[in-house]
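To start, the structure itself, in structure tokens.
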Amino acid sequence: MILNSLLTFIFILLVLIMLAYLARHYIFTLTALYYRHGQPHYTPHGLVYRPTVSVLIPAHNEEKVIGRILQRTTELTYPKDKLEIIAIDDGSTDRTGEIMEEIAREHKHIKVFHRNVETGGKGKPEALNEGLRHAKGEIVFCFDADYYPQRDILEKMVAFFIDPEVGGVQGRVTVLNEPETLTTRLVALERIGGYRVDQLARDDLQLVPQLGGTAVGVRRSLIEFLGGWDPKVLAEDTDLTFRIYLAGYKIRYVNEAECYEEAVEDWRSYWRQRSRWARGHMQCAFKHLWPLIRSRNLRLREKVDGFLILNVYFVPILVGLAWILGATLFFAQAPQWTTLFWASLSISLYSATGNSAPFFEVAIGAYLDRRERIYWLIPLLLLSFLYNMLICSKALLDLCMSRAVGSKRSTWEKTLHSGTGNNYVNIAKQERW
Amino acid sequence: MSPSSTRYRQTFGPRREKPEYLHVATGAVVAFSLYVLLHGALDDSTIASIMIFNLLSVLLTFPLRGQLWCKMLWQGLGNLVGLAWNLIWLSLMASTMGEGGVFQILHFAIGPTLNFMWIVPVWSLGFSALASVERQKRRGRKRREAK
């Protein structure tokens, strides 16, 4: 009897947590659609703000894509006398370093730094820290090798640093190779929901817009004060987000500053990438939850949003747990009123699809983007949810295991890029965008 | 997917919608009438799934810019699909009563998820249709302006 009551209590608690996420997603969706009183998205008084900028591009065995991004940096419209590009060859064993040197020879503002095979290749944070040591710009930007930014992306993002409270700025990530496979299409959907709705709403409501690993700008003075990127954390972007907020600064999201990414093309790569994200995010949850709750630098609404973000990768596990618990309670003849929560659980299921964006958030994002034929894929997000359930469970197990054996450092699983994005860039160039 | 063409523009405003409150009210009246009509005639799980669909339509599709007839058409279609889905599901359950209740266990364990198999696709298709009608309208307007 006591056990039954305890299980019922846990079950109801789990469902309430999921309903909280559902409500949050619904608020974000409506905000992205209708809210017109968010933070201003402009530089006041028509002022043109142009500080010096350093762009860090870390790359480890990226010979298929590194040429594309370096070439693109030469096309950026930001004044060249205020711009330096720092390419970091992170112990590559392929032609990455050579390609970097070839392009750097032709363009003075591109500098290349090589890390040797013994010390390099241990993860992006270490490569970024190496780049930071050589950076001289007031604002440090970071782009991954497989990304392709808009020509005027720096102007759009830099404008927000005119506010001294802004510590970091995040641009929008859009999938470049979307038509390639079903996986890339589903990733594109997740990105639409995650950026066009989720991040924008967080910015509008003055919550906690998250820094991603790329299309990111940070004040150099701040990142140096914080001690650079933490090499022990697998999700260095989420980690930096919370360190910035805990230090009393804020982050802005710029929807118009687009950067195109080459998304993973098969489920195996998806697994590797998302496992790293999930483990990194969970590490951040363990690292920042308590400081977040205790911090005096964050308002209550920021704390609530931060709490929900930090725990987002636990949600698929909780859904699975609640499902098992609900079925157990049903067969153990629980009171009738638990049926209500059982039904609520199914509603909550879709609140945790994909990379934290539920189906209606994705659909509204696609609608706002004036997308035409993407909606029919939305039901398939259930696939990525089920996949994420496994990924997150495995990530939690791995993390617990590594903590049990006392290992503080996690292995960085590199995402492989095939370079198919190049085809889309060529098509786009012909169409002159 | 075109990058901004203005080089020194520093005003960035994302696209926003203005809610169609009249459409929302119409959709809500239809949904409520359906509830009153079907309540008592059908079992609770069928009513719940149909109402979830109506809730989604009224709160997320009806406020958007677009033709009211298109929204109502998809709301009606969705309700019909939901009704058919649940009737088939319940008749399967009734016809397998004597088979040790395996289907009943299945119904309980995965029934709510299976309901989403029709709710999400029908809602997405309705959304797609709405966007498509709007697109055609925009193109027509552009063509007229060009002439």
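Protein chains in written order, with this note's numbering: chain A, -1 to 431; chain B, 7 to 153.
Ideal Cβ placement from N, Cα and C applies to all residues, glycine included.
Inter-residue distance for A/Ile249 and A/Ala57 is about 25 Å (C-alpha atoms, whole angstroms). Contact check for A/Glu176 and A/Thr182: beta-carbon distance about 6 Å, within the 8 Å limit, so the pair qualifies. Using a 10 angstroms sphere on the CB of A/Val195, the tally of other CB atoms reaches 16 or more, which defines it as buried. Straight across, the Cα-Cα distance linking A/Ile242 with A/Val310 is about 19 Å. Identification of chain B residues near A/Trp374 by a Cβ-Cβ cut-off of 9 Å yields Pro127, Ser130, Leu131 and Ser134, ordered along the chain. Annotated three-state conformation of A/Gly165 is strand, per DSSP. Following the DSSP letters along the chain, one finds A/Gly324 inside the alpha helix (DSSP H) bounded by residues Val313 to Phe329. Using a 10 angstroms sphere on the CB of A/Leu298, the tally of other CB atoms stays under 16, which defines it as exposed.
Each of A/Leu152, A/Ala402, A/Asp396 and A/Gln37 was checked against the Cα of A/Asp161, and the nearest Cα belongs to A/Gln37.
Under the criterion of beta carbons closer than 8 Å, A/Gly89 and A/Thr117 qualify as touching, at roughly 7 Å.
In this structure B/Leu28 is not in contact with B/Lys77, their Cβ atoms being roughly 11 Å apart against a cut-off of 8 Å.
Taken through DSSP and simplified to helix, strand or coil, A/Phe141 comes out as coil.
Closest in alpha carbon position to A/Arg22, among A/Gly65, A/Gly192 and A/Thr179, is A/Gly192. Unbroken alpha helix (DSSP H) stretches of 4 residues or longer found wholly inside the segment 20 to 102 of chain A: 64 to 71, given in chain order. The way I'd put it, the segment 33 to 52 of chain B does touch the segment 88 to 95 of chain B; three or more beta-carbon pairs between them come closer than 8 Å.
A check of alpha carbon separations from A/Thr236 across A/Glu263, A/Phe284 and A/Gln204 identifies A/Phe284 as the nearest. Taking a cut-off of 8 Å for Cβ pairs, the segment 300 to 320 of chain A and the segment 266 to 283 of chain A touch, as three or more such pairs fall below it. Rounded to whole angstroms, the gap between the alpha carbons of A/Phe158 and B/Met99 is 60 Å.
Listed along chain A, the residues sitting closer than 9 Å to B/Leu62 by beta-carbon distance are Phe358. Within the same chain, Cβ atoms closer than 8 Å to the Cβ of A/Lys78 are found at His107, the five residues on either side in sequence being excluded.
At a Cβ-Cβ threshold of 8 Å, A/Phe139 and A/Val231 do not count as neighbours.
Per DSSP, the beta-bridge partners of A/Lys109 are A/Ile84.
Per DSSP, reduced to three states, the secondary structure at A/Val403 is coil, with no helix or strand assignment.
Taking the beta carbon of B/Arg22 as reference, the chain A residues within 8 Å of it are Leu31, Tyr32, Tyr33 and Arg34, listed in sequence order. When C-beta distances to chain B are compared with 7 Å, the residues of the segment 251 to 273 of chain A below that value are Val252, Asn253, Glu254 and Glu256, in chain order. Within the same chain, Cβ atoms closer than 7 Å to the Cβ of A/Asp150 are found at Thr75, the five residues on either side in sequence being excluded. Apart from the 5 residues on each side of it in sequence, A/Lys122 sits with its Cβ closer than 6 Å to the Cβ of Pro56 in its chain, given in chain order.
A distance below 8 Å separates the beta carbons of A/Met155 and A/Val252. Neighbourhood of B/Arg141 in chain A, by CB distance below 7 Å: Glu370, in chain order.
With contacts defined as CB atoms closer than 8 Å, B/Pro25 and A/Tyr365 fail to qualify as a contacting pair. Among the residues of chain A, those whose CB is under 8 Å from the CB of B/Leu66 are Thr27, Phe358, Ala361 and Ile362, following chain order. From the beta-carbon of A/Leu366, the residues of chain B found nearer than 7 Å are Arg21.
Using a Cβ distance threshold of 8 Å, A/Glu260 and A/His415 count as a contacting pair.
The criterion of a C-beta distance shorter than 8 Å is not satisfied by A/Leu308 and A/Lys301. The straight-line gap separating the alpha-carbon atoms of B/Arg22 and A/Ala30 is approximately 7 Å.
Non-local C-beta neighbours of A/Gly65 in its own chain, meaning closer than 7 Å and more than five positions away in sequence, comprise Ile97 and Ile101, ordered along the chain.
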